[in-house]
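Each protein sequence line maps, in turn, to chains A and B. Read in order, the letters of the first sequence are residues 1 to 480 in this note's numbering. Read in order, the letters of the second sequence are residues 481 to 864 in this note's numbering. C-beta: ideal position from N, C-alpha, C; glycine also. What follows is one structure encoded as structure tokens, with my remarks underneath.
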Amino acid sequence: MARFLLLSAAILIAGCASAPQSSAPARAPLEPIAWPDDSRAVELQVLNRVSWGANSSSAADIARLGTGRWLDSQLRPARAPLPAEMQARIDAMTISQRPIADIAADLERQRRAFQSAPPEERKAERQAFQQELTRLGREAQARMLLRALYSPNQLEEHMTWFWMNHFSVFQFKGPLRGLLADYEERAIRPQALGRFRDLLGATARHPAMLIYLDNARNSAGRINENYARELMELHTLGVEGGYTQRDVEALAHILTGWSVDLTSGQLARFYPRRHDFTAKVFLGRTIQGRGAAELDEALDMLARHPATAHFVSRKLATFFVADEPPAALVERMAQTFALSDGDIGQVLRTMFVSPEFRASLGGKFKDPLHYALSALRLVLDERPLPDAQPVIGALARMGEPLYARATPDGYPLTRTDWASPGQLATRFEIARGIAYRVPVRVWDEPLGPLSAATRETLAQASSPQEWNLLLLSSPEFMNR
Amino acid sequence: MNRRAFLLSLPLLYAGRLLAAPSAPARFLLVFLRGGYDAANVLVPTSSAFYYETRPNIAVPKDAAIALDSDWGLHPALAESLHPLYQRGEAAFIPFAGTEDTSRSHFETQDSIELGQPLGARSYASGFMNRLAAELGALGAISFTNQLPVTFRGQAQVANVALNMVAKPGVDARQSEMIARMYRGTALGAPVAEGFAARDTVMRDLGDEMVAASRNAVTARAFEVQAKRIARLMRGDYRLGFVDVGGWDTHVGEGGASGQLATRLEELGRGLGALASEMGDAWRHTVVLVISEFGRTFRENGNRGTDHGHGTVYWALGGALRGARVAGEQVRVARETLFQDRDYPVLNEYRALLGGLFARLYGLQGEALGRIFPAAAPKDLALV
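This is the structure:
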């Protein structure tokens, strides 16, 4: 509580608490990062932590710029296309070529058609509909993998996944496979290094979220509190953020009327006739019933709540620093969050320049996604990935398929969640699948100094492929 | 060592019916229904007018429910699977069960139940199933899940395997040994070795035919396939198990005697029935406990579904169960008895209930039980 009071004071100084509106002050420029040491070993460690894995091209980038300037460039990414072949593959996808309004309207027409089709045709039409959804979902997954593997803006890709996981949706619910690509592209990615409030507003108005957490069905007299609860528990305040069941109910009433019409062109819509226009008492404040504007008032309160600053900062530090991040670091990040009105770039900057971040390098256990992507980046470097589908399958086998966390909490981020006996055994199988496709020994420098046991074991490898299997299975490659 | 040997010999005295011979030690499987299943539509309070008033669209009609006694009926989706077990005395239901945690958050409540600590004290150092494994000493403990669940995390070594994705390994024995050698003496040394050992045991116990069948498992029968494999492994090398089943968070369009929940139940019931028969003789020494993080709102919501509630219904199954009854403390189902005018109350707290079961099953008591469930007095429902 003392912590929250302190942060509240910080917000008052910044002059935001008393003016709840979404027109935020202009974002302050980021100060350049002063980085003390530029040894090659530290550069590779920073790459392993702030990217999807060090490879020779990213190592050349960071060596050219120096660690501080490389981090600066990651925080303010310039538009950069992928290598031509990869960019061409993305450009050729339906999700790149057709506006989401058209995709969604077609899907909705297709759905209505099979539902009203005569029984003997219904099954075939339904299957065609499902196949189209699956195809669109696979495009979104392939696009994510290509960007993660080849984009020079690695922090942007990292943070896009982080927020997709924070505002997680489950692709196999309803028509979500068809909406995923747009959710990532419009609601998450443009804000991934921007303002938290913008992420909150964009996700709350996206049909993917409204459908996933049932708000599309939430209307006056027919209350559904699913989204209201998770919006506070998982997206903003955290379960210990001080809200009550009454606040959940109040927020559910504020959210009435926000629904989806996939044929309308704008997809997410506010339906005044489904809204509860009575006044609500939310987190101790009375919100006057006046329609769509109530949502922004509530989201402003949530985005600027001290518990949110702390909850989001801790999650970022868990992802980037340590499973149990140092409290003092989280506190400083939360202060930056409050003072910058939730500027994520500023919060990350506070983290990057901290001694805690530097001291933690090399100490985070890779979750399956980091594991697979870092192995592929190391092995492929700039050579094209032949086919994304086996990678999509490997992630599912390791328990972390893209966009497929069934529950709204997103995937966990700590070692205990991913280092069970069964998962390790599966991980070595995935290592084998990658290692045996490469006829030469892969570059081992990004792993840092190898232990005596690892060196001795590698020396016994009977082929370059087996050497690769052992290297990708080594304790050194499990960490980032 | 002596203490453990002593404890393991005690079950003969406490549960003689269950443990006829030392060569047939008790097996325990915890089934966690993640998402908070709607207990009031599974063990239906058929004598409660209030139930039918408040669930105009989703109640299970009295004539559709299978009458268990004058107050309770069973969801018809379980007619072919659980009801026969119940009639044979191999199933019991415990209503008004659950935790004192009232956060109504899936994640918060699942974690707190899996940890098994007194409310307010929360340490992720170990879950109660791991502490049970530690008390029971060297017996095979395994989670049939991709991740090791919170309840099985801790000091005791526990294997895990995702049974829907079993495949013949590509990493051969020599390579496995080389990989294990790189980890020896590190923090991951034990799980890496356990991972290879469990992989080999699973391949042996399931056999080639079962593994080959996994490739085209039909989705609707996915749990049945999984449950048969669980039985194979639990009648073999493993005696303490965990599995979770998702898909119970029915906020919208839940259905009544048929519909969304009924489909899930049918699949779950069929799997549990298959598990019981696949266990063979070992079923007589097995207890399966089915739990969930909370029940749901007693009244249906605006979308013909239900929201997060409080008290739930646990199911106990087993070849030597003293079943065919609705067990534990109960109260008349009416508006006045609801918790916060909204949900089932919790009258049978899970730590007390599980402690009582473990006392029966393994002869654990006093300090040993206190290490599994600190500061909880066991409540004996004489389930075995």
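Which value, in whole angstroms, describes the spacing of the CA atoms of Thr730 (chain B) and Ala334 (chain A)?
-> 36 Å
How close, in whole Å, do the beta carbons of Gly775 (chain B) and Gly791 (chain B) come, if the pair is a contact with beta carbons under 8 Å?
-> Taking the Cβ atoms as the reference, Gly775 (chain B) lies roughly 5 Å from Gly791 (chain B), within the contact range of under 8 Å.
Look up Ala737 (chain B) in the DSSP assignment and say whether it is helix, strand or coil.
-> coil
Proximal residues to Ala453 (chain A) (C-beta, below 7 Å), its chain only, five neighbours per side dropped | none
At least one CB of chain B closer than 8 Å to the CB of Pro32 (chain A): is that the case?
-> no
Measure the CB-CB distance between Gly345 (chain A) and Leu200 (chain A) and report whether it falls below 8 Å.
-> no
Given 8 Å as the limit, is there contact between the stretch 556–575 of chain B and the stretch 814–823 of chain B, that is, 3 or more CB pairs closer than that?
-> Contact between the stretch 556–575 of chain B and the stretch 814–823 of chain B is absent: fewer than three C-beta pairs spanning the two stretches fall below 8 Å.
Taking C-alpha atoms, which residue in A:Ala202, A:Lys173, A:Leu380, A:Ile223 lies nearest to Asp300 (chain A)?
-> A:Ala202
Do Ala220 (chain A) and His275 (chain A) have their CB atoms nearer than 8 Å?
-> yes
Would you identify the three-state DSSP class for Ala559 (chain B), choosing helix, strand or coil?
-> Here Ala559 (chain B) sits in coil by DSSP.
Could you work out which residue in A:Asn48, A:Glu125, A:Ala88 is closest to Leu71 (chain A) when comparing CA atoms only?
-> A:Asn48
Are there three or more Cβ pairs, one per stretch, closer than 8 Å when the stretch 397–412 of chain A is compared with the stretch 134–142 of chain A?
-> Yes: the two stretches touch, three or more of their Cβ pairs being nearer than 8 Å.
Taking only the alpha-carbon atoms, compute the straight-line gap between Glu746 (chain B) and Gly516 (chain B) and give it to the nearest angstrom.
-> 17 Å
Might you give, ordered along the chain, the residues of its own chain that have their beta carbon closer than 8 Å to the beta carbon of Ala34 (chain A), omitting 5 neighbours on each side?
-> Gly68, Val353
Taking DSSP as the reference, what is the three-state secondary structure of Asp591 (chain B)?
-> helix
Whole angstroms is fine: what's the gap from Glu430 (chain B)'s alpha carbon to Arg679 (chain B)'s?
-> Since the displayed chain B opens at 481 and closes at 864, residue 430 (chain B) lies outside it and no answer follows.
Hey, Leu643 (chain B) and Leu720 (chain B): beta-carbon distance below 8 Å or not?
-> no
Quick one: complete alpha helix (DSSP H) runs, 4+ long, within the stretch 759–847 of chain B?
-> 830–842
Beta-carbon neighbours of His563 (chain B), restricted to chain A and to distances below 7 Å = Ordered by position in chain A, no residue passes the 7 Å Cβ test against His563 (chain B), which lies about 29 Å from the chain.
Starting from the beta carbon of Ser772 (chain B), find every residue of chain A whose beta carbon is closer than 7 Å, and list them in chain order.
-> Within 7 Å Cβ-Cβ: nothing; Ser772 (chain B) doesn't reach chain A, min ~14 Å.
Simplified DSSP state of Tyr150 (chain A), which is helix, strand or coil | helix
Compile a chain-ordered list of the residues in the stretch 642–660 of chain B whose CB is closer than 7 Å to at least one CB of chain A.
-> Ala642, Met645, Pro649, Gly650, Val651, Gln655, Met658, Ile659
Near-chain B residues of the stretch 201–226 of chain A (beta-carbon distance less than 8 Å), N- to C-terminal order | Asp214, Arg217, Asn218, Ser219, Gly221, Arg222, Ile223, Asn224, Glu225, Asn226
Figure out for me which residue from A:Val440, A:Met93, A:Gly238, A:Asp444 has the closest Cα to the Cα of Ser463 (chain A).
-> Relative to Ser463 (chain A), the option among A:Val440, A:Met93, A:Gly238, A:Asp444 whose CA is nearest is A:Val440.
Listing by chain order, which chain A residues have their CB less than 7 Å from the CB of Leu628 (chain B)?
-> Those within 7 Å of Leu628 (chain B) in chain A are Ser420.
Taking 7 Å as the cut-off, is the CB of Glu704 (chain B) close to at least one heavy atom of the ligand ZN?
-> The model on display carries no ligand, and the ligand ZN is accordingly not part of it.
Within 10 angstroms of its Cβ, does Pro190 (chain A) collect 16 or more other Cβ (buried), or is it exposed?
-> exposed
Excluding five sequence neighbours on each side, which residues of the same chain lie with their C-beta closer than 7 Å to the C-beta of Ala601 (chain B)?
-> Contacts found: none.
Less than 8 Å separating the beta-carbons of Leu30 (chain A) and Ile95 (chain A)?
-> no
Would you check if the distance between the CB atom of Glu615 (chain B) and the CB atom of Arg851 (chain B) is smaller than 8 Å?
-> yes
Buried or exposed: which applies to Phe172 (chain A), given that a residue is buried once 16 or more other Cβ atoms fall within 10 Å of its Cβ?
-> exposed
Measure the C-alpha to C-alpha separation of Lys859 (chain B) and Arg840 (chain B) and round it to an integer number of angstroms.
-> 10 Å
Contacting positions in the stretch 437–465 of chain A - beta carbon closer than 7 Å to chain B = Hits within the stretch, in order: Ala453, Thr454, Thr457, Gln460.
Could you please give me the residues that DSSP links to Asp439 (chain B) through a beta bridge?
-> Past the boundaries of the shown model lies residue 439 (chain B); chain B is included only from 481 to 864, so the question cannot be answered.
Quick one: measure Cβ to Cβ for Pro412 (chain A) and Gly675 (chain B), integer angstroms, because I've assumed they're closer than 8 Å.
-> In this structure Pro412 (chain A) does not touch Gly675 (chain B) by the C-beta definition: roughly 19 Å separates them, more than the 8 Å allowed.
Find the residues of chain A that neighbour Val480 (chain B), judging by a C-beta separation of less than 7 Å, and give them in chain order.
-> Residue 480 (chain B) falls outside the range modelled here, since chain B spans only 481 to 864, and no answer is possible.
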